[in-house]
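Data block below; observations after.
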Amino acid sequence: MEQNEILKVNGLTVDFATEQGTVHAVRDISFAVREGEILGVVGESGSGKSVSMYSVMGLLADNGTVTAEKIEFDGQSINASDYDGKRSYEKTMQSVRGNTMSMIFQDPMTFLNPTITIGKQLTEPILNHTKLTKGQARARAVELMTLVGIPSPETRLDQYPFEFSGGMRQRIIIAMALAMSPKLIIADEPTTALDVTIQAQVLDLIKELSKKMGSAVIMITHDLGVVASLCDRINIMYGGKIVETGTDKEIFYTPNHPYTKGLLACIKNPEENDKDLVPIPGSPPDLLKPPAGCPFVDRCESAMKICKLKMPPETVFSDTHKSACWLNDARAEKGVNAHAR
Amino acid sequence: MQMWKYILKRLFFGLVTLFALAAITFFLMHEIPGSPFAGETSHVSAAVREKLISHYGLDKSTGEQFVIYLGNALKGDFGTSLNRKGMMVADIISNGLPVTAALGACAFGLAIFVGILLGTVAAFTKRRWVSSCVTFFATVGVSVPGFLFALFLMVIFGLLLDWLPLVGLTSWKHYIMPSIALALGPIANICRLTRSSLQEQLRQDYMVLARSKGTSQIKVIVRHALKNAMIPVVTSAGPLLATLLTGSFVVESMFSIPGIGAEFVNSVSSRDYTMIMALTIMYGAMIIVAGILTDIISAMLDPRVRLK
Amino acid sequence: MENQFDKKLQDIEADDALFEKLEDSEKDSEFIAVEAKTYFQDAWKNFKKNKLATIGLIFICLMLLLAVFGPIFSPYTYDQQDLTSRNALPSLQHPFGTDKFGRDIFVRVMYGARISLSVGFASAFINLIIGVVYGGFCGYFGGKLDMVLMRLVEIIYSVPTLLYVILVMLIFGSNIFSVLLAICISGWVGMARQVRAQVMSLKEQEYALAAKVMGAGDSRILFKHLVVNSIGPIIVTTTHMVPSAIFTESFLAFVGIGISIPQASWGTMASEARGLIMNQPIQMVWPVLAICLTILSLNFIGDGLNEALDPRKRV
Chain G
1 MEQNEILKVN
11 GLTVDFATEQ
21 GTVHAVRDIS
31 FAVREGEILG
41 VVGESGSGKS
51 VSMYSVMGLL
61 ADNGTVTAEK
71 IEFDGQSINA
81 SDYDGKRSYE
91 KTMQSVRGNT
101 MSMIFQDPMT
111 FLNPTITIGK
121 QLTEPILNHT
131 KLTKGQARAR
141 AVELMTLVGI
151 PSPETRLDQY
161 PFEFSGGMRQ
171 RIIIAMALAM
181 SPKLIIADEP
191 TTALDVTIQA
201 QVLDLIKELS
211 KKMGSAVIMI
221 THDLGVVASL
231 CDRINIMYGG
241 KIVETGTDKE
251 IFYTPNHPYT
261 KGLLACIKNP
271 EENDKDLVPI
281 PGSPPDLLKP
291 PAGCPFVDRC
301 ESAMKICKLK
311 MPPETVFSDT
321 HKSACWLNDA
331 RAEKGVNAHA
341 R
Chain F
1 MQMWKYILKR
11 LFFGLVTLFA
21 LAAITFFLMH
31 EIPGSPFAGE
41 TSHVSAAVRE
51 KLISHYGLDK
61 STGEQFVIYL
71 GNALKGDFGT
81 SLNRKGMMVA
91 DIISNGLPVT
101 AALGACAFGL
111 AIFVGILLGT
121 VAAFTKRRWV
131 SSCVTFFATV
141 GVSVPGFLFA
151 LFLMVIFGLL
161 LDWLPLVGLT
171 SWKHYIMPSI
181 ALALGPIANI
191 CRLTRSSLQE
201 QLRQDYMVLA
211 RSKGTSQIKV
221 IVRHALKNAM
231 IPVVTSAGPL
241 LATLLTGSFV
251 VESMFSIPGI
261 GAEFVNSVSS
271 RDYTMIMALT
281 IMYGAMIIVA
291 GILTDIISAM
301 LDPRVRLK
Chain C
1 MENQFDKKLQ
11 DIEADDALFE
21 KLEDSEKDSE
31 FIAVEAKTYF
41 QDAWKNFKKN
51 KLATIGLIFI
61 CLMLLLAVFG
71 PIFSPYTYDQ
81 QDLTSRNALP
91 SLQHPFGTDK
101 FGRDIFVRVM
111 YGARISLSVG
121 FASAFINLII
131 GVVYGGFCGY
141 FGGKLDMVLM
151 RLVEIIYSVP
161 TLLYVILVML
171 IFGSNIFSVL
181 LAICISGWVG
191 MARQVRAQVM
201 SLKEQEYALA
211 AKVMGAGDSR
221 ILFKHLVVNS
231 IGPIIVTTTH
241 MVPSAIFTES
251 FLAFVGIGIS
261 IPQASWGTMA
271 SEARGLIMNQ
281 PIQMVWPVLA
291 ICLTILSLNF
301 IGDGLNEALD
311 PRKRV
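Going down the list, the sequences are from chains G, F and C. Using the numbering used here, read the first sequence as starting at 1 and increasing by one per residue. Using the numbering used here, read the second sequence as starting at 1 and increasing by one per residue. Using the numbering used here, read the third sequence as starting at 1 and increasing by one per residue.
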């Protein structure tokens, strides 16, 4: 088990210094990704899902600080505190980024440089990490364009981003991420900015190509529906914490955490057409002053007094299924609260 | 191919603009009481009057006069100066323009080089006080009127320290003070523009994507930020070049530089209409040419302008 | 597994009461930590944080007070000559000294402030109105009309300001209104371009379409939606117009083609003092200081507003 974990993160905490104070965006989370698997990270805006992945890649804005006990990728530590000085950390990360670990971004309209041709942008990771000549890199770029399904790649390489549609641009961004057949691809809400009709195509493309190249994928999304058919395992994040983790079956059929249940109630199940969608009332906690207890307490129907005071411990249901909720405590049954399952 | 079409289109519109400018100035001059174009030639001698009437066709209609004027102007004949007897306007301009343009080029080079350098430093420095200092200097720079700064330089370096010659333009030393006086405002402007434009670039999403490809911080800046950041700088450098090449009225008259800028002030105060007319057309032409140059360079930098 | 779980729980308060249901009243479900503020409240708060901008604002307010009330309470007038005390150094009677005609410089500086500030603010206001209407019109309707109107703007921009000044002076004479008119003829061009660009990009946005769908007329969409949404850049451009107008006014006066003597403008005062620069440098200092500090303050205010009104520029 242990040896084929491509990415292992322990005790990751991310803070942002802002005008209003320090935002504790991610609070002490741990997770791992195995070779070749697709891990879904699900949570609403501001739950810390993107931030935690950006910090793994060392791409946070200057006002963010990352602390972690351990960030290990492909047998090598990529935890900034294991390096003496920012410079040597950056050097290592440069050899990792776009090479063995790459990222697919959210908005294809803003993540491509408008004044540089697609060809130049697409060959950039290849030229960064190999000794190929420009001509050879271009040939590889043509292959990649074909791979992601862009017709007449030779001519399109000399065009600029604004000459492509949103879906095409996202395919180009995927091609950039795949350029070096990375061991891990982080996909940050890759379909959020796209038309619904194109979303499925793009998800299929990511799934198919990652299987072909043997890459592991971390799929960040706010939509449980997206990960349903795609992911092997799912992490549910809320208020800067991972509240539940499990395989897709465990999350969909035996959800434990009230937040996960709430999320599931929000997506439409084609088999129960007449079922009403149930929104989760309230809004996520303010991470300027994160709660001492469970972050979900204020929106949870079954909240108890302890939930407000102390972060619940992790309850282990199986090798893969864990959840952090006080309701799993033996004493919860004794309380006034009747736990509706 | 598309580029050529674009340039031709801009040139055509430039010519239209220049024509309109000449027409408007001419007809305005015609309306001003006391102008020879208005037919009031009582303040000049009989001989000059005869010459004026025959040269400009003052006895003909305004429209015809304009055609005559344009025809002469196309041949490089802008008439004789009213103020400096017997001097051709074209000669005065061709004497003064090289001097002014040389000085303007010095100031322009200085403004671009120092402005971009300071702006870049302010945008990238990690030390807060450096960027604060540059920003403060830049704001002071745009706030001190050029003529006051020229005066200040003259008093300090010309009179009190006696390091640099006060007036004239005969050695390289003479160029220092007027160039700096001319360049101060532009330096500050370009510095502010470069800084804010670069900071804007650093905030762009595609900078993150470039870094995610394993490109080093420096290469990301050189490849992705600098070019895009220069687009607004180029846009403002064009008119600046036109302004500097045609000279600063005040700086030239203060340093007694025999350039075209001082000529404008003199012709204005002495109501030398033929001079004013010619200088306006020249100034307009400069601005239009600079505008076209600017557009061409921005089109080269920004494909969205070129291809749309 | 079970053991591990129990062990973890031991160091938590073993108080069963804690496992009672949390009442809804104890939850802060709509907890909002950052106080909601309107655009301008937020901008004002950020503006106040900028020390230089605040100092600039205070300075301009003081200057305005002096310009309006100063000359009323002064025992001297701007053109009152006192040949017995010419070129006097600063003293109690004449805080800034006197000039070569024995006129009190302090009063003249305050009169200069009247002229400079009124030229500055009035021209900024006029340019604001013309620029917003013209630019909004061009940007909103676009097409051939826009092309023709923008060519016109280019022509207006190609004529040197000095030429406008001469033409206006010749027709209307040398006075403050001529200066104002001359500055305004070409001054609105920058604002028009800015507003046009803003409106062009904003009109593509959904809310403009939404307003149209709901039956709003063109002028309503243009002024109630598009212009209001570009209010930030418009305010910033306006604040930068004030110093540039003051700049032009003092420059014209300095060259000797602005307002006519004996009226006191900072430019004419500087120009007069220039001849005495070796003997009486102090006379030069006052008008120069007044021009520089005023323009500097206005620029600081402009920069402060720029940062305060554009949330993206905040660090």
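No residue lacks a Cβ here, since even glycine has one placed at the ideal position from N, Cα and C.
> Comparing alpha-carbon positions, which option in G:L144, G:F105 and G:K134 lies nearest G:G166?
Replying inline: Each of G:L144, G:F105 and G:K134 was checked against the Cα of G:G166, and the nearest Cα belongs to G:F105.
>> For G:I267 and C:A208, I'd like the C-alpha separation in whole angstroms.
In response: Their backbone Cα atoms lie some 32 Å apart in a straight line.
> Are three or more beta carbon pairs between the stretch 120 to 131 of chain C and the stretch 173 to 190 of chain C nearer than 8 Å?
Replying inline: Yes: the two stretches touch, three or more of their Cβ pairs being nearer than 8 Å.
>> Can you check which of these residues, G:T18, G:D84 and G:D298, is closest to G:S283 by C-alpha distance?
In response: Taking G:S283 as reference, the option from G:T18, G:D84 and G:D298 with the minimal CA-CA separation is G:D298.
>> Are the CB atoms of F:G259 and C:S158 within a distance shorter than 7 Å?
In response: In this structure, C:S158 keeps its C-beta atom at 7 Å or more from the C-beta atom of F:G259.
> Given that a residue counts as buried once 16 or more other Cβ atoms are within 10 Å of its Cβ, and exposed if not, what is C:L89?
Replying inline: Exposed: under 16 other Cβ atoms inside 10 Å.
>> I'd like the list of long-range same chain contacts for G:L39, defined as Cβ closer than 8 Å, with 5 residues on each side in sequence excluded.
In response: Result list for G:L39: F31, V33, A216, V217, I218, M219, C231, D232, R233, I234 and N235, in chain order.
>> Can you find the residues in the same chain that come closer than 6 Å, C-beta to C-beta, to F:L182, ignoring five residues on each side of it along the sequence?
In response: If we look at F:L182 and ignore the five residues flanking it on each side, its Cβ neighbours are A107, S248 and V251.
> DSSP on G:Y83, reduced to helix/strand/coil?
Replying inline: Correct three-state label for G:Y83: coil.
>> Suppose you measure from the CA of C:L18 to the CA of G:L12; what does that come to, to the nearest Å?
In response: The alpha-carbon atoms of C:L18 and G:L12 are separated by roughly 29 Å.
>> If distances are taken between C-alpha atoms only, which option among F:L151, F:P98, F:F113 and F:S81 comes closest to C:S271?
In response: With respect to the C-alpha of C:S271, the residue from F:L151, F:P98, F:F113 and F:S81 having the closest C-alpha is F:L151.
> So what's G:I242 in DSSP terms, helix, strand or just coil?
Replying inline: Correct three-state label for G:I242: strand.
>> Could you check whether the stretch 129 to 140 of chain G touches the stretch 74 to 82 of chain G, counting it as contact only if at least three pairs of C-beta atoms, one from each stretch, sit closer than 8 Å?
In response: Of all C-beta pairs linking the stretch 129 to 140 of chain G to the stretch 74 to 82 of chain G, fewer than three are shorter than 8 Å, placing the two stretches out of contact.
> Got a sec, what are the start and stop residues for the beta strand (DSSP E) C:E249 sits in?
Replying inline: No beta strand (DSSP E) contains C:E249, which is instead part of the alpha helix (DSSP H) from I231 to V255.
> Which runs of the beta strand (DSSP E) fall wholly inside the stretch 165 to 253 of chain G and span at least 3 residues, in chain order?
Replying inline: Complete beta strand (DSSP E) runs here, min 3: 184 to 188, 216 to 221, 233 to 238 and 241 to 247.
> Of the choices G:M304, G:V42, G:P281 and G:S52, whose alpha-carbon is the least far from that of G:V226?
Replying inline: Comparing alpha-carbon positions, the option among G:M304, G:V42, G:P281 and G:S52 lying closest to G:V226 turns out to be G:V42.
>> Can you give me the C-alpha to C-alpha distance between F:V167 and F:M254, rounded to a whole angstrom?
In response: C-alpha separation (whole angstroms): 8 Å.
> Taking Cβ positions only, does G:E72 come closer than 7 Å to chain F?
Replying inline: G:E72 has a beta carbon lying at 7 Å or more from every beta carbon in chain F.
> To the nearest angstrom, how far is it from the Cα of G:L122 to the Cα of G:A175?
Replying inline: The straight-line gap separating the alpha-carbon atoms of G:L122 and G:A175 is approximately 7 Å.
>> Does the structure place the stretch 45 to 63 of chain G close enough to the stretch 208 to 220 of chain F that three or more beta carbon pairs sit under 8 Å?
In response: Because the criterion of three Cβ pairs below 8 Å is met, the stretch 208 to 220 of chain F and the stretch 45 to 63 of chain G touch.
> Among all the DSSP beta bridges, which residues are the ones paired with F:H224?
Replying inline: F:H224 is bridged by DSSP to nothing; it lacks a bridge partner.
> So with Cβ pairs under 7 Å, would you call C:L22 a contact of chain G?
Replying inline: Yes, C:L22 lies at the interface with chain G (some Cβ there is under 7 Å from its Cβ).
>> As a quick exercise: from C:R220, C:V242, C:L128 and C:I115, pick the residue whose alpha carbon is nearest that of C:A253.
In response: Distances from the CA of C:A253 to each of C:R220, C:V242, C:L128 and C:I115 were compared; the closest alpha carbon is that of C:I115.
> With DSSP run on the structure shown, which of helix, strand or coil describes G:M1?
Replying inline: Because G:M1 carries a pLDDT of 42, less than 50, the predicted location of this residue cannot be relied on, and no value is offered for it.
> G:F164: buried (16+ other C-beta within 10 angstroms of its C-beta) or exposed?
Replying inline: Result: buried.
> Start and end of the alpha helix (DSSP H) containing F:I292?
Replying inline: Counted as a single uninterrupted DSSP element, the alpha helix (DSSP H) harbouring F:I292 occupies residues Y273 to L301.
> Taking the Cβ atom as the reference point for each residue, do F:M87 and F:S94 lie within a distance shorter than 7 Å?
Replying inline: It is not a contact, given that the beta carbons lie outside the stated cut-off.
>> Beta-carbon within less than 7 Å of F:D77's beta-carbon, same chain only, minus the 5 sequence neighbours each way: which residues are those?
In response: Around F:D77: A90.
> In the stretch 291 to 307 of chain C, which residues sit with their C-beta less than 7 Å from some C-beta in chain F, listed in chain order?
Replying inline: If the cut-off is 7 Å between Cβ atoms, the stretch 291 to 307 of chain C has I291, C292, I295, L296, N299, F300 and D303 near chain F.
>> Quick check on the burial criterion: 16 or more other C-beta atoms within 10 angstroms. Buried or exposed for F:R203?
In response: With fewer than 16 other beta carbons inside 10 angstroms of its own, F:R203 counts as exposed.
>> Tell me the residue span of the beta strand (DSSP E) that contains G:G40.
In response: I38 to V42 is the extent of the beta strand (DSSP E) around G:G40.
>> Rounding to the nearest angstrom, what Cα-Cα distance links C:G136 and C:N127 in this structure?
In response: Going from the Cα of C:G136 to the Cα of C:N127 covers about 13 Å.
> Which value, in whole angstroms, describes the spacing of the CA atoms of C:L202 and C:G217?
Replying inline: Take the alpha-carbon of C:L202 and the one of C:G217: they are about 16 Å apart.
>> If I follow the unbroken alpha helix (DSSP H) through F:G109, where does it start and stop?
In response: Here the alpha helix (DSSP H) through F:G109 covers V89 to F124.
> Whole-angstrom Cβ separation of C:A192 and C:Y134, contact assumed at under 8 Å?
Replying inline: Sure, about 4 Å apart at Cβ, within 8 Å.
> With a cut-off of 7 Å, does the C-beta of C:L128 fall near any C-beta of chain G?
Replying inline: So, not an interface residue.
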